[in-house]
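The next block holds one structure in the form of structure tokens; read it before the comments.
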Amino acid sequence: MVETVTLDLPFRDRWLVQNSPARRVPSHGVDILGERYAIDFVGVDERHRTAAVRDWRTLLATEPPERFVAFGRPILAPAGGVVAHVHDGEDDHAARRSQPALVPYALGAAGRLREGVHAVAGNHVTIALPGARAYVSLVHLRRGTVQVGVGDEVHVGQQLAECGNSGNSTQPHVHVQVADSLDLTVAQGVPVAFRDFREWLRGRGEPLDRATGLPGERSVVEPLPLAGT
Numbered sequence: 168m169v170e171t172v173t174l175d176l177p178f179r180d181r182w183l184v185q186n187s188p189a190r191r192v193p194s195h196g197v198d199i200l201g202e203r204y205a206i207d208f209v210g211v212d213e214r215h216r217t218a219a220v221r222d223w224r225t226l227l228a229t230e231p232p233e234r235f236v237a238f239g240r241p242i243l244a245p246a247g248g249v250v251a252h253v254h255d256g257e258d259d260h261a262a263r264r265s266q267p268a269l270v271p272y273a274l275g276a277a278g279r280l281r282e283g284v285h286a287v288a289g290n291h292v293t294i295a296l297p298g299a300r301a302y303v304s305l306v307h308l309r310r311g312t313v314q315v316g317v318g319d320e321v322h323v324g325q326q327l328a329e330c331g332n333s334g335n336s337t338q339p340h341v342h343v344q345v346a347d348s349l350d351l352t353v354a355q356g357v358p359v360a361f362r363d364f365r366e367w368l369r370g371r372g373e374p375l376d377r378a379t380g381l382p383g384e385r386s387v388v389e390p391l392p393l394a395g396t
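Residue numbers for the sequence shown follow the working numbering, beginning at 168 and rising by one.
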């Protein structure tokens with residue numbers, strides 16, 4: 168059995184959980200590019216909204232990524248290690264919540280996969296965990312915001328980049344996954360868990376504080392404050 172890798176949440180503030188392995192494995196419905204146990208986080212505000220604005224574009228068209236809470240939020244290292252791979256330069260494209268915009272985008276997913284990892288992951292950073300036993304990737308980052316390079320040592324909580332909408336993404340979010348190889352064309356996913364977070368379960372008012380665990384689908388999470396803060 169593959170050992171679970173426990174990470175810190177790679178952000179501050181509140182985020183909505185989507186495509187959680189707590190719901191199903193493979194979490195995204197496919198077992199490719201090392202994403203078997205991947206998880207997505209979408210930034211939300213205090214009212215747990217992904218965007219404060221809803222208008223005709225929300226129902227019928229695409230929307231600018233800047234109107235979403237997640238866009239531009241800092242993305243932090245969820246573990247210490249050495250930066251093994253960086254890719255930047257992919258555009259942050261328009262966001263899509265409307266069915267007229269989502270359908271043609273979904274139909275183009277196979278084409279993006281054929282283009283290669285960059286077209287699916289967009290801008291991303293991969294960290295080799297101590298002992299190179301696994302690699303954690305932070306995906307869909309904002310163009311031009313990556314602050315680290317290959318070979319840099321990073322510590323937990325260090326800012327790596329900003330949340331963006333690059334690659335195969337319908338609205339700004341961060342995709343987190345751990346894999347057993349740096350080469351995502353052959354990598355196998357590794358199970359993940361997170362430490363020290365507060366979770367608002369869907370349908371429940373009061374949050375739960377969790378020392379370790381895997382957030383549930385459609386729950387909202389935030390890191391617990393450090394002792395003394």
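Built from N, CA and C at the ideal position, the CB exists for glycine as well.
Item, Value
"Please report the distance separating the alpha-carbon of Arg-203 from that of Leu-308.", "20 Å"
"Quick check: the Cα distance between Phe-238 and Phe-178, rounded to an integer number of angstroms?", "12 Å"
"Beta-carbon within less than 6 Å of Asn-335's beta-carbon, same chain only, minus the 5 sequence neighbours each way: which residues are those?", "Arg-279 and Val-287"
"I need the boundaries of the beta strand (DSSP E) containing Gly-380, first residue and last residue.", "375 to 380"
"Return yes when the Cβ of Arg-310 is within less than 8 Å of the Cβ of Gly-331, no when it is not.", "yes"
"Whole angstroms is fine: what's the gap from Gln-398's alpha carbon to His-342's?", "For residue 398 there is no data in the structure shown, the boundaries of the chain being 168 and 396."
"Return the residue from the list Leu-351, Ser-265 and Ala-262 that minimises the CA-CA distance to His-291.", "Leu-351"
"Any chance you could list the beta strand (DSSP E) runs of at least 3 consecutive residues sitting entirely within the segment 207 to 282, in chain order?", "241 to 243 and 248 to 254"
"Judging by CA-CA distance, which residue of His-322, Ala-328, Leu-174 and Leu-269 is the nearest neighbour of Gly-289?", "Ala-328"
"Report the CB separation of Ile-199 from Ala-244 in whole angstroms; it is logged as a contact under 8 Å.", "With 8 Å as the limit, Ile-199 and Ala-244 do not qualify as a contact, their Cβ atoms being about 25 Å apart."
"Alpha carbon to alpha carbon, how far is Ser-187 from Pro-382? Give it in angstroms, no decimals.", "7 Å"
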